[in-house]
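Residue numbers (this note's numbering): 4 to 140.
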Ligand SMILES: [Zn+2]
Ligand SMILES: [Zn+2]
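Written out as structure tokens, the structure is:
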């Protein structure tokens, strides 16, 4: 299995090899700002399974809640957010699911940071729901 993704203008595209480790939705305040949306649907891959095929990605770095670095990559031309990398989990790449072309392969199973979710949002049917990070109570 291979997933392909691209930005809005098409100048950046990437491939993810194999199956994602996890798929879900993040409702944290930072994801809302970064995506310009209510939450971020995302897939998690081992970092070596992600490859940029084309494009010039720009990076935005900030400190996350843990005090460690969070690096978001987006198309330098159209601004589509493609990936997020967390220093706390350096071996993984988070792929923003809205950029994936094989949409049928995206099957989210959980919602995280629901404490920060917008009030009108309903969480996915049958999803595991965590108020903070994955596994939180
Ligand atoms: Zn673009
Ligand atoms: Zn988030």
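Where a beta carbon is used, it is the ideal one built from N, C-alpha and C, also for glycine.
- Runs of the beta strand (DSSP E) lying entirely within the stretch 51-133, each at least 3 residues long, are 53-57, 60-66, 72-78, 84-89, 95-99 and 113-115 in chain order.
- At a Cβ-Cβ threshold of 8 Å, residue 53 and residue 17 count as neighbours.
- Secondary structure at residue 36: helix, using DSSP grouped into helix, strand and coil.
- Boundaries of the beta strand (DSSP E) around residue 8: 5-9.
- Counting only the Cα atoms, residue 25 lies some 11 Å from residue 98.
- When rounded, the separation of the alpha-carbon atoms in residue 60 and residue 38 is 16 Å.
- The C-beta of residue 93 has fewer than 16 other C-beta atoms within 10 Å across all chains shown, which makes the residue exposed.
- Shortest gap from the CB of residue 116 to any heavy atom of ligand 2: under 7 Å.
- For residue 138, there is no enclosing beta strand (DSSP E), since its DSSP letter is neither H nor E.
- Nearest to residue 36 by C-alpha distance, out of 96, 84, 130 and 122, is 84.
- Residue pairing by DSSP places residue 17 opposite 8 and 55 in a beta bridge.
- Taking the CA atoms as reference points, residue 7 sits about 12 Å from residue 23.
- In the three-state reduction of the DSSP assignment, residue 31 falls in the coil class, being assigned neither a helical nor a strand state.
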